[in-house]
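Residue numbers (our numbering): 95 to 240.
See the structure below:
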């Protein structure tokens, strides 16, 4: 069973500020509760082909995986993919203006878990949705306080 979780938020900050902050994976540990660290495997800045190693905790497990940027349109969209582990995943961010001082942002996680992870896909989807909502709320508070 596939996992496909889409979460959205409107942030009271101009699109360039939101997209530049979120589009730099080095900032992920500041606003993602489950991401412990990000280490660049290629030289920054972000471009198609860039690779970063993420260390995260999800559903009680420590996960280490390398994301590769597969699509990047500055100020519009960033898509990263990993093929590692029992849960190959694609994460995408999309930004659009929602007025002069507001940015609409979507976070989408999708993948095709295998093995036990496949059986647990409905549980994983629910947990991922809750985590993404909390992370986007944290991001909103962080950026709106600047």
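Glycine included, each C-beta is placed from N, C-alpha and C at the ideal position. These figures come from a predicted structure and were not determined experimentally.
Give the DSSP-derived three-state secondary structure of residue i in the structure shown.
i: residue 121; result: helix
i: residue 126; result: coil
i: residue 156; result: strand
i: residue 169; result: coil
i: residue 99; result: strand
i: residue 178; result: coil
i: residue 191; result: strand
Nearest-angstrom Cα distance between residue i and residue j?
i: residue 219; j: residue 169; result: 28 Å
i: residue 222; j: residue 100; result: 10 Å
i: residue 233; j: residue 97; result: 23 Å
i: residue 182; j: residue 204; result: 9 Å
i: residue 239; j: residue 106; result: 10 Å
i: residue 173; j: residue 216; result: 23 Å
i: residue 128; j: residue 230; result: 12 Å
Does the separation of the CB atoms of residue i and residue j fall below 8 Å?
i: residue 111; j: residue 201; result: no
i: residue 158; j: residue 149; result: yes
i: residue 122; j: residue 189; result: no
i: residue 136; j: residue 147; result: no
i: residue 195; j: residue 108; result: yes
On a Cα-Cα basis, can you pick out the residue from the options that is closest to residue i?
i: residue 198; options: 140, 230, 104; result: 104
i: residue 115; options: 142, 152, 135, 171; result: 171
i: residue 224; options: 152, 195, 165; result: 152
Just checking residue i against the ligand FAD - is the residue's beta carbon closer than 7 Å to any of the ligand's heavy atoms?
i: residue 161; result: For the ligand FAD, the structure offers nothing, since it holds no ligand at all.
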